[in-house]
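Worksheet: the structure to be examined is printed underneath.
Protein chains: 2
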Amino acid sequence: MSDHPQAPVAPVQAFEPPYYLAVFTSVKTEDQSGYRETNARMEELVRKIPGYLGMDHAQTPGGLSVTVGYFRDADALTAWRTDAEHRAAQRRGRTDWYESYTLHVAKVERSHAFSRTDSTGPAQP
Amino acid sequence: MSDHPQAPVAPVQAFEPPYYLAVFTSVKTEDQSGYRETNARMEELVRKIPGYLGMDHAQTPGGLSVTVGYFRDADALTAWRTDAEHRAAQRRGRTDWYESYTLHVAKVERSHAFSRTDSTGPAQP
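From first to last, the protein sequence lines are chains A and B. According to UniProt numbering, the first sequence is numbered sequentially starting from 1. According to UniProt numbering, the second sequence is numbered sequentially starting from 1.
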């Protein structure tokens, strides 16, 4: 999961905790042949996972890429993690596309959102 | 916390769970006067928090900014959240620098890292 050149520019909202997130940070290799197509397919697939809530992505040109996926519960994340096509893409990623990456899977305990025009999400204690 | 033009390009490592992370996603306003200085000061301050583990940041030009801060435990995150100078910077952020943002605070249950030259971090089940 990654590049969203076409996505509207707005952070994913704050959901009611508890929910899960997966932080995927990566540095890519020089040769990104096939990455864009696979990435688009992964975005299509993850949206079909029951309990998938959304995704944030940013990439500094020539630098770090950070993707955060949000899921309603651990089962939703497990469904995504064990998807056969996703697993094949992960293998391809290790072989071809990623110089290095880190994955952090975490349970959200608190969330908060701010918007210049509207304040949403659970209030911060 | 945000821009790291000088940071080495490598994802923060996978630590031994449990640990905490804070995902801060934002879209900035046009006028970023004073942001760079405050951001540099915040990076200096957060590094002094006992239990601070590191930070990942990426920003798509003209798009979303994603910052992830890692902390050993909830106390470390609370110390950072309640720091007086950080609080003042947060207020300034809402007034001047952010069009919108979302904060997700979460406890890491699982982590994994990959590097082309070396595989680090706890093994994935």
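The beta carbon of each residue, even a glycine, is placed where N, CA and C say it ideally should be.
Query - Proximal chain A residues relative to residue 94 of chain B, where beta-carbon distance stays under 7 Å - result: 114
Query raised in the report: Between the Cα of residue 108 of chain A and the Cα atoms of B:17, B:22, B:101, B:12, which residue gives the shortest distance?
Result: B:22
Query raised in the report: Within 10 angstroms of its Cβ, does residue 84 of chain B collect 16 or more other Cβ (buried), or is it exposed?
Result: By the 10 Å Cβ count, residue 84 of chain B comes out exposed.
Requested in this report: Note down, in chain order, all residues in the segment 81 to 106 of chain A with a beta-carbon under 7 Å from any beta-carbon belonging to chain B.
Outcome: Contacts with chain B (Cβ-Cβ distance below 7 Å) from the segment 81 to 106 of chain A involve 94, 98, 99, 100, 101, 102, 103, 104, 105, 106, listed in chain order.
Query raised in the report: Are the C-beta atoms of residue 38 of chain B and some chain A residue less than 8 Å apart?
Result: no
Query raised in the report: Of all the CB atoms in chain B, is at least one closer than 8 Å to the CB of residue 46 of chain A?
Result: Chain B, which has no Cβ nearer than 8 Å to the Cβ of residue 46 of chain A, makes this no.
Query raised in the report: So which residues of chain A does residue 109 of chain B contact, with C-beta pairs closer than 7 Å?
Result: 105, 106, 107
Query - Secondary structure of residue 12 of chain B, DSSP reduced to three states - result: DSSP places residue 12 of chain B outside both helix and strand once states are collapsed to three, so it counts as coil.
Query - Status (buried if at least 16 other CB within 10 Å, exposed otherwise) for residue 34 of chain B - result: exposed
Query raised in the report: Looking at the unbroken beta strand (DSSP E) that takes in residue 53 of chain A, where does it start and where does it end?
Result: 52 to 59
Query raised in the report: Do the segment 98 to 116 of chain A and the segment 46 to 62 of chain A meet, that is, are 3 or more Cβ pairs less than 8 Å apart?
Result: With a cut-off of 8 Å, the segment 46 to 62 of chain A and the segment 98 to 116 of chain A do not count as touching, because too few Cβ pairs lie within range.
Report task. Using a cut-off of 8 Å between C-beta atoms, extract the partners of residue 65 of chain A located in chain B. Result -> 58
Report task. Specify, as a first and last residue, the run of the alpha helix (DSSP H) that residue 43 of chain A falls within. Result -> 35 to 46
**Report entry** At least three beta-carbon pairs within less than 8 Å, the segment 13 to 21 of chain A to the segment 59 to 76 of chain A
**Finding:** yes
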